[in-house]
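Enquirer:
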Amino acid sequence: MSQTIYLNGEYINRDDAKISIMDRGFLFGDGVYELIPIYNSKPFLINKHLQRLRSSMELVGMRTSSGLTENLEQIMLELISRNQYVNHFFYVHITRGYQSSRNHIYSEDIKHTILIMGEEYKVFSREKLENGFKGCVREDFRWMKSNIKSISLLGNVMLKNYAAQNGFYETLLIRDNKLTEGSASNIFVVKNGQVMTPNLGVELLPGVTRDLLIELFRKNNIVVEETDVTEDDLLTSEEVWCTSSTNYCVPITEIDNKKIGKGNVGDYSYKSYDLISNFISAL
């Protein structure tokens, strides 16, 4: 079934969409993006996602008009209606735009390229989580601005594919002996009964799902510590799980062939899944 997308002011068939080879997103990876879930035909936590998008744009020096976020939300609602999306995902890609010459230096008045398209992913069920998933540890060799949701994802692609090619779900990243995040997720651990997640900073993305889970835990009187997590903390923890917009809780029960805790899915992992599932159901 063909899908309608939005590209630079037009609603068109996805297969008919084209951009210029001189677009800076194509030439330099010069752009930012956001992934926004759709549940029950409504964008999920839309304000938080668009706030992060605006932050990414500002951090790379892209203009953000006063009505940008409102316009993007209206476009998404129109695409939901045209495509009859119920549970789906939107990619919002904004590149710096077209420039007539290939030059590292960009024009200040360049017009941004805006793409919004749907993508379908299968969110894991609670039953799917029961056996847990495998992870691996690798050095975090990505650039030092990982708090920006950049379309320049080659490092993440390499690390995620390393996991996939070696039978793992996710690659867990270590920089200077500290856990940063996964190749496509934020990470939580439980050590000595304490729920922990790495501090926010330039080394990791401020995950919308991460922040929601912290909020839900605290509302349910579960203490979450945002702190440095060492590689030893990770490997000797009782529980590890990943959070992202596509799968909001994925328990990691084995890392590099070493069991985490007892090697089964722990109570906090299930609690995480249930809290977010219930939050979504109540919308």
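First residue of the sequence shown? That's 161 in my numbering, and the numbers climb one at a time after it. Built from N, CA and C at the ideal position, the CB exists for glycine as well.
1. Pick out the complete alpha helix (DSSP H) segments inside the segment 310 to 394, 4 residues or longer, and give them in chain order.
2. Determine which residues share a DSSP beta bridge with T406 and list them.
3. Per DSSP, R302 is paired with what?
4. Which of the three DSSP states is assigned to K271 in this structure?
5. Strictly by DSSP, which residues pair up with Y193?
6. Measuring straight from C-alpha to C-alpha, what distance separates S162 and E218?
7. Does DSSP put T229 in a helix, a strand or coil?
8. Pull up the DSSP beta-bridge partners for E279, would you.
9. Classify Y281 as buried or exposed, calling it buried when 16 or more other Cβ atoms lie within 10 Å of its own Cβ.
10. The alpha helix (DSSP H) that contains L219, what's its start and end?
11. Using the Cβ count rule (16 or more neighbours within 10 Å means buried), how would you classify G292?
12. I'd like to confirm the pairing. Which residues does DSSP put opposite K294 in its beta bridges?
Expert: Answer, in terms of the structure:
1. 314 to 325, 368 to 379
2. According to DSSP, which records beta bridges pairwise, T406 is partnered with nothing at all.
3. None; R302 has no bridge partner.
4. coil
5. H253
6. 34 angstroms
7. helix
8. F249
9. exposed
10. 206 to 219
11. buried
12. E414
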